[in-house]
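When we follow this note's numbering, the leftmost residue of the sequence shown carries the number 304, and every step to the right adds one.
As structure tokens, the structure follows; a few thoughts come after it.
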Amino acid sequence: MIKVGVIGVGTVGASVIKILHDNAEMISARAGTQIRVTRGVVRDLGKKRDFDIPLSDNPMDVINDPDIDIVVELMGGIEEPFKIVKAALVQGKAVVTANKAMLAYHRYELQELAGNIAFEYEASVAGGIPIINALRDGLSANHIESIKGIMNGTCNYILTKMMDEGADFEPTLKEAQELGYAEADPAFDIGGFDAAHKLLILASIAYDIDAKPEDILIEGIEHVTQDDISFAKEFGYVIKLLTIAKKTGDEVELRVHAALVKKTEMIAKIDGVMNGVSVIGDMVGETLYYGPGAGGDATASAVVANIIDIARSGKRSPMLGFQTSLEKDLKLKSKDEIISKYYLRMGVEDKPGVLSAVTKMFADHNISIETMLQRPCANGNANLLFSTHEAVEKNIQGIIKELSAASYTKSTPTMIRIEA
């Protein structure tokens, strides 16, 4: 029998216990042994629970229990769970975690410490979608050329409603909170940070890039308006919060931001709270992974799958999927040197000479305009909407700064990258 201790019996932890209980016969058949949760750790011992296992409010009660074979960490946070997981590994216990934030900062330290101890984390990225094992195992014969993902259901729900129903950002965010799709403080989701943590984990597996959130480009969706939605529809795009990892030569660019995506692309068709990840390998071409990216049962499903995998095979493969340095010469591309197409929106005075001044500024910054629209707005002003040919990020940032300071500019320019 495999004995499991769950540290953090919240929504996901309770679902893990329920799955292991309700599907015990099937799980035993697949694992080749019984799996039982014998201890749990909670914050509030006084709260009534729907399961009957010994509970504690001290994580070390699980770590120090000699009968526990697998420690499941579902606390959330960064430094405190890192200390607890380290303690479990020091004692030789296998670990399963869903903690993307901890892994975004400490995955390389944990891989070194784990060594040959089983360490699994499928639930840390895209909930119930098995993208970790797809990259680490199923696509292990491929050099990964790119990863594009929709990895935050809150943002995808909001943007889908804005695209399909003409809704504005703030009321749609409020609705997402009422439905439980967004937290009371949604900044972590709508600011792109949740998706960035997931991207860093995938990039480590694909490229052996040890980057931290502070090292990469992260933007959210707070600035998207119906003006941008209208432009996207007119030119055959949808707007998504994308996570992007792309290898060019010896550089890898990592970025999270709102993007205009051609509506004919597979990733553009992923709507609502669902998640999807597109991976292009040099041998297999494009593969797409789709499913629920959050929720107690979906996330718990991935946690239990990891537990079964460890119980069945005593899996001891390296945590990040490589025995030696995977891509020794790869380096992280500077945020300033990223090349993309761009969409810009700005409010300006509607008077002679303004448009020619703006277009001259584009030329001065070595940016070629592909399309331009002018829309009237209140108070005698106009909205100018541009899309560009490929340009360098630092040039775009330069023109945004200069346009913001221009006397004829009436609203701060908004920029969205175009992922062609």
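We put the CB at the ideal spot given by N, CA and C, even for glycine.
**Asked** Does the pairing of the segment 536 to 556 with the segment 442 to 452 give three or more beta-carbon distances under 8 Å?
**Response** yes
**Request:** Report the three-state DSSP secondary structure of Thr567 (helix, strand or coil).
**Result:** coil
**Request:** Taking Lys403 as part of the alpha helix (DSSP H), name the residues at either end of that continuous run.
**Result:** 403 to 417
**Item:** As assigned by DSSP and simplified to three states, the class of Phe538
**Value:** coil
**Prompt:** For the alpha helix (DSSP H) that contains Lys451, what are its first and last residues?
**Reply:** Not the alpha helix (DSSP H): Lys451 falls in the beta strand (DSSP E), residues 447 to 453.
**Asked** Exposed or buried, which one is Ile642 when buried takes at least 16 other CB atoms within 10 Å?
**Response** exposed
**Beta-carbon proximity of Lys543 to Ala723, cut-off 8 Å** = no
**Prompt:** Is Lys501 helix, strand or coil by DSSP?
**Reply:** helix
**Message:** Relative to the C-alpha of Gly596, which candidate in Ile519, Ile322, Pro384, Gly431 has its C-alpha closest?
**Reply:** Gly431
**Message:** I need the straight-line Cα distance from Ala401 to His500, nearest angstrom please.
**Reply:** 12 Å
**Prompt:** Based on Cα-Cα distance, which residue from Ala509, Val527, Lys515 lies nearest to Gly494?
**Reply:** Val527
**Item:** alpha helix (DSSP H) segment containing Thr602, residue limits
**Value:** 599 to 616
**Straight-line Cα distance separating Arg615 from Phe538** = 51 Å
**Item:** 6 Å Cβ shell around Thr717 - same chain, five flanking residues per side excluded
**Value:** His526, Arg648
**Item:** Through-space distance from Leu688 to Ile699, alpha-carbon basis
**Value:** 14 Å
**Request:** Taking only the alpha-carbon atoms, compute the straight-line gap between Val582 and Ser443 and give it to the nearest angstrom.
**Result:** 12 Å
**Asked** Roughly how many angstroms separate the alpha carbons of Ile371 and Asp325, rounded to a whole number?
**Response** 21 Å
**Message:** From the DSSP secondary-structure annotation, give me the bridge partner or partners of Ser714.
**Reply:** Gly650
**Prompt:** Lys572 to Thr463, Cα distance in whole Å?
**Reply:** 10 Å
**Prompt:** Beta carbon of Tyr510, beta carbon of Val555: below 8 Å?
**Reply:** yes
**Message:** So for Ile508, helix, strand or coil by DSSP?
**Reply:** helix
**Message:** Does the beta-carbon of Asn686, which I'm using as the reference point, lie nearer than 7 Å to any heavy atom of the ligand COA?
**Reply:** In the structure on display, the ligand COA does not appear, and there are no ligands present to speak of.
**Prompt:** DSSP on Ile493, reduced to helix/strand/coil?
**Reply:** helix
**Asked** Roughly how many whole angstroms lie between the Cα atoms of Thr567 and Arg342?
**Response** 49 Å
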